[in-house]
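Enquirer: Once you've had a glance at the structure underneath, I'll fire off some questions.
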Amino acid sequence: MASLKCIGVEFCGEIGGHLKVFPSLEDLKLEWMPNLEKWEFPSSLLKDASFPCLRTLSLKGCPKLEAPSILMPKNLNSLAISGGVSFSTHNHTALKSLEIVFCDELKSIPDEIGNLKALKSLVVGN
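Count along the sequence shown from 1, add 90, and you get the number used in my numbering.
Here it is as C-alpha cells:
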C-alpha cells in the first residue's frame, strides 16, 4: 500500500439509497501508507452521521495524510497518531485515550487538550 495516494468514495456503502461510511465499524487502522494524502468523501456525507460506531482510530505512518473531520466522530474513545498526520481533537469530548508520537511538527500540546474532559490517558513522545 506504499503507493496509495487517495482513498475514494468506492469505500462507501449504500443503505436505503443513501451513502453511508462503515455504519458498524468500531476500530479503524490506517497504517504505513507513506504517500496517502487524503480520503475523499462526498460533501453530503460530511453532514450525515458517518462512522457512527467508531470508537478506536489509529493513524500511523501516513505523514502526508490530513485526517478529514468525518474520521473524527464525536463518540471516538481512542485516537493514536504517529508520523505527522494532521488532526484536530476539537469537540471530541468522549476521547478517553490520546497517543501522539513521532510527530515532528508538534511543538507544544494544543490548548484544546484541556477541553477533553473524559481524557484518562495521554501519551506524547518521540
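Glycine is no exception: its CB is placed at the ideal position from the N, C-alpha and C atoms.
(1) Where do the N-terminal and C-terminal ends of the beta strand (DSSP E) with serine 93 fall, by residue?
(2) Who pairs with leucine 118 in a beta bridge, going by DSSP?
(3) Where do the N-terminal and C-terminal ends of the beta strand (DSSP E) with glutamate 127 fall, by residue?
(4) Indicate whether leucine 149 and leucine 166 have their beta-carbon atoms separated by less than 7 Å.
(5) Give the DSSP bridge partners of glutamate 189, in chain order.
(6) Find out if the Cβ-Cβ distance for the pair glutamate 121, glycine 151 is shorter than 7 Å.
Expert: Working from what's here:
(1) Reading the sequence shown from its first residue, position 3 is the one you call residue 93. Where serine 93 is concerned, there is no enclosing beta strand (DSSP E), given that its DSSP letter is neither H nor E.
(2) Looking up residue 118 in the sequence shown gives position 28. Leucine 118 is bridged to Leu147.
(3) Working through the sequence shown from its first residue, we reach residue 127 at position 37. Run containing glutamate 127: none; DSSP gives neither H nor E here.
(4) Within the sequence shown, numbered from 1, the residue matching residue 149 stands at position 59. Within the sequence shown, numbered from 1, the residue matching residue 166 stands at position 76. For leucine 149 and leucine 166, no; Cβs fall outside 7 Å.
(5) Position 99 of the sequence shown, counting from 1, holds the residue named residue 189. DSSP lists Ala170 and Val213 as partners of glutamate 189.
(6) As a working mapping, residue 121 is identified with position 31 in the sequence shown. As a working mapping, residue 151 is identified with position 61 in the sequence shown. In contact: glutamate 121 and glycine 151 (Cβ atoms closer than 7 Å).
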